[in-house]
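These notes concern the structure reproduced below.
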Amino acid sequence: MNLPFTRDELATIAQIYPTPFYVYDAAGIRAAARALQQAFAWAPNFRQYFALKATPNPHILRLLADVGCGADCSSLAELALAERAGLRGGLVMFSSNNTPAEEFVAARHLGALINLDDVGLLDDLERHAGLPEFLSFRLNPGPALAGNTIIGRPEESKFGATREQLLAGYAAARDRGVRRFGLHAMVVSNERATAAHAATARLLFELALELQAKLGITIALINLGGGIGIPYRPDEIPADLPAIGAAVQAVYRELFGEHGPALATECGRLITGPHGYLVTRVRHLKQTYRNYAGLDASMHNLMRPAMYGAYHHITVPGKEHLPARAVYDVVGSLCENNDKFAIARALPPLAPGDLVVIHDAGAHGHAMGFSYNGKLRSAELLRESDGSVRLIRRAERLADLFATLED
Ligand SMILES: *Cc1c(COP(=O)(O)O)cnc(C)c1O
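Take the sequence shown: its position 348, counted from the start at 1, is 563 in the numbering used here, and no numbers get skipped.
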């Protein structure tokens, strides 16, 4: 796995910004967004809405807005970040669940496209914020689709409404004056297989036709969700975006012909995942019953390995060409035994002070950080293609941690 920066460049950055820190590769993020847009260039009014929860930083959002992406938000803070990045109206998708009233108010204030997770929320939305002219609902297909590992089986997923509920929900919204409709599902997560994404599209397209025929409404926008996967392991292959676009296009042509609804996606991981790196240093080596490499980062910086047993590739810049003949449990300094970035990982022999890069940390990395054990969350840096590096979030300080304590 290649880095977009050299070992010397990284060492220079690390002299200015102490490790650990995240660095994002702006060119890679832009290219990922463009590749997705290109795969769906055939679709009417296609728009990718970046799922903000993956990397909730307005600087990343701004960079994506500059190449035509919107924001997919699911909380008050995410709506506020979208606003801060200058996004509003049709550039903001609000796909929440178990939604508090104030979030509906904020979403309406921004003019966001609102996507309801439950038909019962129609009343809440109307009462607290009024019904918009456009409204979308989220489908949970239940046994009609198999789902996959991170998200689980749709029948056991808390998200979305059943087909029967949707028929009633769209009819109720139509009768209360909503004019144009959207339809959404997000059934898979980190899925690289073309067929899975084509299956979601077919299910949504067929349901859209049925809703239009039965209820006399217009489904103006179909949101295919996110969930396009990335290769975390060196032997995995990336999702074939042109093939996914073509497979969805074939279903679209078959069911809608030349004129059908606009399409949207709300990918997060695909856009930033491979283009963010957690840069850390070896602090301390220890040998007991196992061989430990202790880093200056801990699972509060990146909890995917501890939470999902997720694999993250690890490289040691400057030692790439040495044989990986040492085997380490790569750990942090939290008082939790699952505070491990890798277990029994073959690496070149390490020494304290070595820079270590944890790959594919650009999505659900810094975002899932926490402050257990009084750990501070790291800085985030953005590297432009000319090599310049910009601080887009400073590292936390102890004072931040104590800011909420009462005297
Ligand atoms: C998490 C999420 C996404 C993005 O998922 P990725 O796997 O990052 O593409 C999109 N939509 C909703 C509603 C989500 O919760």
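The C-beta atom is built at its ideal place from N, Cα and C for all residues, glycine as well.
Near ligand 1, residues with a Cβ at less than 7 angstroms from any of the ligand's heavy atoms are A266, K268, A269, D287, S289, S310, M401, S404, N405, G440, G441, G442, I443, E481, C482, G483, R484, L485, A578; the list follows chain order. Around A541, the same chain offers L562, P564 as residues with beta carbons nearer than 6 angstroms, after the five sequence neighbours per side are excluded. If you look at A295, you'll find it in the alpha helix (DSSP H) that goes 291-299. The distance from the Cβ of L517 to that of I573 is about 6 angstroms, consistent with a contact at the 8 angstroms cut-off.
Secondary structure note for T480: its beta strand (DSSP E) is the uninterrupted segment 477-480. Contact between A435 and V466 does not hold, since the beta-carbon distance rounds to 18 angstroms and is not under 8 angstroms. When DSSP states are grouped into helix, strand and coil, V531 belongs to the coil group. Ranked by Cα distance from P567, the options A461, V320, L500, G460 are led by L500. Restricting attention to C550, N552, H581, the CA atom closest to the CA of Y492 is found in H581. Beta-bridge annotation (DSSP): L493 is paired with Y237, I573. Within its own chain, the residues whose Cβ lies closer than 6 angstroms to the Cβ of L306, once the five positions on either side in sequence are excluded, are G285, listed in chain order. Distance from the Cα of L325 is smallest, within the candidate group H343, L331, E348, A295, for A295.
The residues S593, A594, in chain order, have a CB closer than 6 angstroms to that of A610 in the same chain once the five nearest residues on each side in sequence are set aside. Proximity to N506 across R560, P457, L478, A461 peaks at R560, based on C-alpha coordinates. Excluding residues up to 5 positions away in sequence, L346 lie with their Cβ nearer than 7 angstroms to the Cβ of G392 in the same chain. In this structure, L398 sits near A423, with a CB-CB distance shorter than 8 angstroms.
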